[in-house]
Amino acid sequence: MKIKILALVTDTFGYSGGIAQFNRDLLGSLASLRDSFEVVVLPRRNGTVLKEARTFYSLKAFDVLRRQGPFQLIFCGHIFMAPLALFLSRVFRKPFVLCLYGVEGWKKPGRCARWAAERADRVIAISRHTRRKFLSWANIEPWRVKVLPCVVSEKFGPGPKRGDLLDRFGLKGKKIILTVSRLAAGERYKGHEKVFAVLPRLAEQYPDLAYVIVGDGDDRVRLEETAGRLGISDKVFFTGSIDSSEIADIYRLADVFVMPSVGEGFGIAFLEAVASGVPVIGGRGDGGFDALLEGRLGRLVDPENSRELEQALRDGLDRLIHSDRRLLHQFSRQRFTEHLETILEGNRP
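In our numbering, the protein residues as written are 24 to 372.
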């Protein structure tokens, strides 16, 4: 019998960021399994906090379950929606699966969210690090928490640097350090300022050095001001958001990719850079450890150790960081789909 799923999700189509991409991959994989699964998606923009909006969303979910059923499973795409998912699960007597991406599942949440998360029939974590963090506070059997890593798109691959992009951003002849991420005040853990701190010393060896920051958000102005205060504005280039049709070529501009984060749930940008043939540097204390396969796909550093980060960047710029791109098959769409099907089939009523 086909499993009909109600998916309560946050950012999906039309949004950027790792959560949105993971949700798109998950929904796309379920669509490819249409002989086994049918999915009704109820999206809710992450950050919709007004009480009236939350109430409307809850009523809508209840109405969809009542009118469009019967459903066999409820998928909950964020821990802050776990109380709603549990309520619907109990009322309609259907199991629910909770998905955890990163920092939102690392620390013990409020009592309602915690109580609901601990009663999920299955929990999907996108990295072993997130799984460990969740299990450190959640009173739940470990076997109920499964790991489902992200997918790296096949559109990313090695290639020459596009001259028109170099001209557009004033990067011709530059040695390029790249970071791709949202510039959100709530995501300062990504480590841009840690790279700022080592740029002056690196620039002594690489006079034509450029640190290119791709992405936008409410923290961009502060980062621009910080670069100015440190006297490195001529070395830091903010591109803003880049159209998805050009992002693969943006990675190919880089001589080294770095994101010395301390709070990344996984870090799909690491895999995109590896797939593009770029040396990659990440932090060893968060989900980047999983994304870079314990260092087999890139260099892992302590983000708090500026000397270690500086040396890694030197090695990356000199192409002394290597990775076996064949290992990327572990993050293929096929592997993701097969694993997802196994997890969800285990919750068939």
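Ideal Cβ positions, reconstructed from N, Cα and C, are used throughout, including at glycine.
In terms of CA proximity to L88, R116 leads the group R116, A271 and A105. Membership of G311 in the alpha helix (DSSP H) is indicated by the continuous run G311 to A314. Nearest to S204 by C-alpha distance, out of R47, E287, F85 and G369, is E287.
Shortest Cα-Cα distance from R275 to any of K184, F119 and C99 involves K184.
Beta-bridge pairing by DSSP links Y234 to I200 and V259.
A139 sits in a helix when the DSSP states are folded into three classes. By the criterion of a C-beta distance shorter than 6 Å, M104 is surrounded in its chain by L31, once the five residues flanking it on both sides are discounted. In the structure shown, L225 adopts helical secondary structure according to DSSP, grouped into three states. In this chain, the alpha helix (DSSP H) harbouring A271 covers I270 to R275. One Cα belongs to D278, the other to I199, and the distance between them is close to 5 Å. V146 and Q228 have their C-alpha atoms roughly 48 Å apart.
The segment 253-270 makes no contact with the segment 280-294: fewer than 3 CB pairs, one atom from each, lie closer than 8 Å. One Cα belongs to E317, the other to G305, and the distance between them is close to 10 Å.
Residue pairing by DSSP puts I28 in a beta bridge opposite V62 and L96. Shown here, G306 sits in a strand according to DSSP, grouped into three states.
Around the Cβ of D187, a 10 Å sphere holds fewer than 16 other Cβ atoms; the residue is exposed. Secondary structure note for I366: its alpha helix (DSSP H) is the uninterrupted segment R356 to E368.
For I147, the enclosing beta strand (DSSP E) has its first and last residue at R145 to A148. Residues of the same chain with a CB within less than 6 Å of the CB of R154, apart from the 5 flanking positions on each side, are A148, V168 and V170 in chain order.
Under the 10 Å beta carbon count, G196 is surrounded by fewer than 16 other beta carbons and is classified as exposed. In the structure shown, the three-state DSSP call for L123 is strand. Taking 7 Å as the cut-off, the Cβ atoms of L121 and A140 count as close.
The distance from the Cβ of V324 to that of A335 is about 5 Å, consistent with a contact at the 8 Å cut-off. It is roughly 35 Å from the alpha-carbon of P230 to the alpha-carbon of L350. In the three-state scheme derived from DSSP, where H, G and I count as helix and E and B as strand, F85 is classed as helix. Beta-bridge partners assigned by DSSP to V279: I200. Of the other Cβ atoms in all chains shown, fewer than 16 fall within 10 Å of the Cβ of T78; this residue is therefore exposed.
For the 7 Å CB-CB criterion, V281 and V218 form a contact. Residue pairing by DSSP places V324 opposite G306 in a beta bridge. Note that the C-beta distance between L332 and P302 is not below 7 Å.
Burial state of D257 is exposed, judged by a 10 Å Cβ sphere holding fewer than 16 other Cβ atoms.
V170: member of the beta strand (DSSP E) spanning V168 to V170, first to last residue. Within its own chain, the residues whose Cβ lies closer than 7 Å to the Cβ of D242, once the five positions on either side in sequence are excluded, are L206, A207, A208 and R211, listed in chain order. DSSP, read as helix, strand or coil, puts G240 in coil. Less than 7 Å divides the Cβ of I102 from the Cβ of G128. Just so you know, the alpha carbons of L65 and G193 end up roughly 43 Å apart.
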